[in-house]
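Asker: What follows is a structure written as structure tokens; I'll ask about it next.
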Amino acid sequence: MKQILFVDDKPAIGKVLSVYLGKENELVYFEDPVRAIEWLNEGNEPALIISDIRMPKMTGGEFLAYLKSNSLFKDIPVVMLSSEESTTERINLLEAGAEDFILKPFNPMELKARIKKFL
121 MKQILFVDDK PAIGKVLSVY LGKENELVYF EDPVRAIEWL NEGNEPALII
171 SDIRMPKMTG GEFLAYLKSN SLFKDIPVVM LSSEESTTER INLLEAGAED
221 FILKPFNPME LKARIKKFL
């Protein structure tokens, strides 16, 4: 069973993902990237990270930059979620190292299909 770290300030989305991804994967959920970083620094190494972009304390872009600049986490695939349709933001995140970008609201089955290639 693969471990997926999911970071989003909306717990309802975490619940939806646990229904669709939780049967085949272990889903670890945090409402903010700061706590997720603490968890990662405790020695946890998920197979995949899914992160929202708009969050308090730290943006998804800042979280992605932290992950990709850290030798321990830089090889973990990261999929970004956002409700904003900004092509510029999408390009910036992909260039910064995100493996994929999914627009909210998303179809949970599409997300499941997209992340399968990273697991």
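Just add 120 to the spot in the sequence shown (first one is 1) and you have this note's numbering. Note that beta-carbon positions come from the ideal geometry of N, C-alpha and C, so glycine has one too.
1) With a floor of 4 residues, list each alpha helix (DSSP H) that falls wholly inside the region 155-198, ordered by position along the chain.
2) Quick one: residues in its chain with C-beta nearer than 7 Å to the C-beta of Ala257, no 5 flanking neighbours on either side, listed in chain order?
3) What are the start and end residues of the alpha helix (DSSP H) that includes Lys232?
4) Which residue wins for smallest C-alpha separation from Met195, given the options Ser203, Ser202, Leu184 and Glu205?
5) Exposed or buried, what is Pro176 when buried is set at 16 or more other beta-carbons lying within 10 Å of its beta-carbon?
6) Please tell me whether Ala156 and Val199 are closer than 7 Å, where the distance is taken between their beta carbons.
7) When the Cα atoms are used, what is the spatial distance from Lys188 to Leu160?
8) If I'm right that Leu201 touches Ile222 with Cβ under 8 Å, what's the distance once you round it to whole angstroms?
9) Can we count Leu192 as close to the ligand SAH, meaning its CB is less than 6 Å from some heavy atom?
10) So, with DSSP's three-state summary, where would you put Lys224?
11) Would you give the residue range spanned by the beta strand (DSSP E) that Leu147 belongs to?
Answerer: The relevant details are as follows:
1) 180-189
2) This structure leaves residue 257 out entirely; the chain is present only between 121 and 239.
3) Within the sequence shown, residue 232 is the residue found at index 112, counting from 1. Run containing Lys232: Pro228 to Lys236, per the alpha helix (DSSP H) assignment.
4) Walking along the sequence shown from the start, residue 195 turns up at place 75. Reading the sequence as shown, one finds Asp at residue 195 and not Met. Here the closest residue by C-alpha is Leu184.
5) Along the sequence shown, read from residue 1 onward, the residue named residue 176 stands at position 56. Label assigned to Pro176: exposed.
6) Walking along the sequence shown from the start, residue 156 turns up at place 36. Walking along the sequence shown from the start, residue 199 turns up at place 79. Against a cut-off of 7 Å, the Cβ pair of Val199 and Ala156 comes out as no contact.
7) The count along the sequence shown starts at 1 and reaches residue 188 at position 68. The count along the sequence shown starts at 1 and reaches residue 160 at position 40. Those two C-alpha atoms are separated by around 13 Å.
8) If you number the sequence shown from 1, residue 201 lands on position 81. If you number the sequence shown from 1, residue 222 lands on position 102. Yes, Leu201 and Ile222 are in contact; Cβ-Cβ is about 5 Å, under 8 Å.
9) Looking at this structure, you won't find the ligand SAH or any other ligand, since it has none at all.
10) Stepping through the sequence shown from its first residue, residue 224 is reached at position 104. Note: Lys224 maps to coil in three-state DSSP.
11) Residue mapping note: residue 147 aligns to position 27 of the sequence shown, counting from 1. Its beta strand (DSSP E) spans residues Asn145 to Phe150.
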